[in-house]
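Here the structure comes first, spelled out in structure tokens, and everything after it is commentary.
Protein chains: 2
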Amino acid sequence: MAAPLDFYFDFSSPYGYFAAHRIDDIAARHGRDVTWRPILLGVVFKVTGGAPLPTLPLKGAYAARDVTRSARYFGVPIHPPSKFPISSQAPSRAVYWAQDRDPALGKRLALALYDAYFQQDRDISSPQVTADVAAEVGLDREAVLTALNDPVVKDRVRSETDAAISRGVFGSPFVIVDGEPFWGADRLEQIEKWLTTGGW
Amino acid sequence: MAAPLDFYFDFSSPYGYFAAHRIDDIAARHGRDVTWRPILLGVVFKVTGGAPLPTLPLKGAYAARDVTRSARYFGVPIHPPSKFPISSQAPSRAVYWAQDRDPALGKRLALALYDAYFQQDRDISSPQVTADVAAEVGLDREAVLTALNDPVVKDRVRSETDAAISRGVFGSPFVIVDGEPFWGADRLEQIEKWLTTGGW
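If you read the sequences in order, they're chains G and P.
Heads up: the first sequence begins at 1 in the numbering used here, then just goes up one per residue.
Heads up: the second sequence begins at 201 in the numbering used here, then just goes up one per residue.
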């Protein structure tokens, strides 16, 4: 089986949320798996000079409109969170910890966390809320809370983010297919074509 | 006939170049015309804090790759210019001046200028080169050179750019369809759907 796609995303990114709902289906149609890699865009932005969308003049207002319009276009439900953006450390830590135990469960948790934030307006930056969501997908709530404070788990999120930067990742979603980088939920059709044709 | 689409672009923008090759066909399929409005992204960036792609860490390298890959994806030829970005004042002035005389000719000139820059590596920031291209589409070379220094024509580019900013335009290409804003060559499919359905 060919190598999995690398799917980089930040839990505060609505475009990452859209991609999360579609990337596994796209990959599966071509017999490919996907490795989900949550990262911290705040750390990335220190390297790139980037900034959260709501802080950007003109672009911030456009993005707010584009996000709800794109949700309807993609057919993915969204309820714009009342707190945006948020720190994505707690959910990212939980996902790596869960993935190391059970990759499929880690992915289920990631999608449940994204839905909790972008559909149910739950503040997943809170370790308590992240642990609640983890419990809902079958993980042990107390074990998750302990993991969120484990230095090894904390370092993992930081090292995955650093590795992403060293691969050229500067935004969310960012997918790498056999070394080829694709940025944005609006590149999913190109990813599908790349998987079909092997490049063009 | 319904109102024309407003197509904002900067002559230094490769994504604007892609859209320039497709937007009229998309609009025509729905019985719509397009008003082409060259703007100066350098002026826009003073408001938004934006910067030219090649200056952006990580994103600049990605964009260079994405531009040639997108050209092949869209089936639009491109020869990445040796000088990039360039000042787009001369070609923008020429287009508004030509449009006021003959809208169809103005549009032909705009496309010829884009092709001169992105296919033939000609530096259209030079008034001489812009005048050469104008002559090739049938305009009077000396009249164009005079127009490029006409204060009224200069002010026109500036006032169109200011008007664009006041409508929320922050990048290129940027298309407004019946008040609805779309940013990016990757929103052309959404524009097509918007024209088909009247929104969603």
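For every residue, glycine included, the Cβ atom is placed at its ideal position computed from N, Cα and C.
Here the structure is a predicted model, which means the values were calculated and not measured.
Straight through space, the alpha carbons of G/Gln190 and P/Val276 are spaced by roughly 15 Å. The way I'd put it, the region 170-179 of chain G does touch the region 36-51 of chain G; three or more beta-carbon pairs between them come closer than 8 Å. For G/Leu5, the beta-bridge partners assigned by DSSP are G/Val34. For the C-beta of P/Tyr262, the chain G residues within less than 8 Å are, from N- to C-terminus, Gly168, Phe170, Pro181, Trp183. One thing to note: P/Pro257 has its Cβ within 8 Å of the Cβ of G/Gly49. Our two residues, G/Met1 and P/Phe209, have alpha carbons roughly 44 Å apart in a direct line.
In the displayed model, P/Val377 falls within a strand according to three-state DSSP. Look at the region 279-310 of chain P: it has no residue with a C-beta under 8 Å from a C-beta of chain G. When DSSP states are grouped into helix, strand and coil, G/Phe182 belongs to the strand group. With respect to P/Ile286, P/Pro214 sits apart: the two C-beta atoms are not nearer than 8 Å. Close to P/Gly249, with beta-carbon spacing below 9 Å, are these residues of chain G in chain order: Ala51, Leu56, Pro57. Taking one beta carbon from each stretch, the region 103-117 of chain G and the region 55-70 of chain G have fewer than 3 pairs nearer than 8 Å; the two do not touch.
Put simply, of P/Tyr296, P/Ala264, P/Arg229, P/Val333 the residue whose alpha carbon is nearest the alpha carbon of P/Pro238 is P/Tyr296.
A Cβ-Cβ separation of about 16 Å leaves G/Gln99 out of contact with G/Leu40 under the 8 Å criterion.
Note on the region 144-174 of chain G: whole alpha helix (DSSP H) runs with a minimum of 4 residues are 151-166, in chain order.
In the three-state scheme derived from DSSP, where H, G and I count as helix and E and B as strand, P/Ile226 is classed as helix.
Chain G places a beta carbon closer than 8 Å to that of P/Gln390, counting this residue as a contact.
Note on the region 30-91 of chain G: whole beta strand (DSSP E) runs with a minimum of 3 residues are 34-38, in chain order. Under the Cβ distance rule, P/Tyr208 does not count among the residues neighbouring chain G, no pair being separated by less than 8 Å. G/Phe11: not part of any alpha helix (DSSP H); DSSP gives it neither H nor E. Look at G/Arg37: its C-beta is not under 8 Å from any C-beta on chain P.
Using a 10 angstroms sphere on the CB of P/Trp383, the tally of other CB atoms reaches 16 or more, which defines it as buried. Contact annotation for G/Asp186 against chain P: Gly384, Asp386, Arg387 [CB-CB distance below 8 Å, chain order]. Around G/Ile26, the same chain offers Leu188, Ile191, Glu192, Leu195 as residues with beta carbons nearer than 8 Å, after the five sequence neighbours per side are excluded. Taking the CA atoms as reference points, P/Asp224 sits about 10 Å from P/Phe207. Taking a beta-carbon distance threshold of 8 Å, G/Arg72 counts as an interface residue toward chain P.
If you look at G/Asp132, you'll find it in the alpha helix (DSSP H) that goes 127-136. G/Tyr117 sits away from G/Ala20, with the two beta carbons spaced by 8 Å or more.
It is roughly 26 Å from the alpha-carbon of P/Asp340 to the alpha-carbon of P/Pro281. Non-local C-beta neighbours of G/Arg156 in its own chain, meaning closer than 7 Å and more than five positions away in sequence, comprise Tyr96, ordered along the chain.
Excluding sequence positions up to five before and after P/Ala251, its CB lies within less than 8 Å of the CB of Phe245, all in the same chain and listed in chain order.
In terms of Cα proximity to P/Gly231, the closest of P/Gly399, P/Lys283, P/Leu205 is P/Leu205. Sequence-distant Cβ neighbours of G/Asp178 in its own chain, meaning closer than 7 Å and more than five residues away, are Ala3.
When secondary structure is reduced to three states using DSSP, P/Leu388 falls in the helix class. Boundaries of the alpha helix (DSSP H) around G/Arg108: 103-118.
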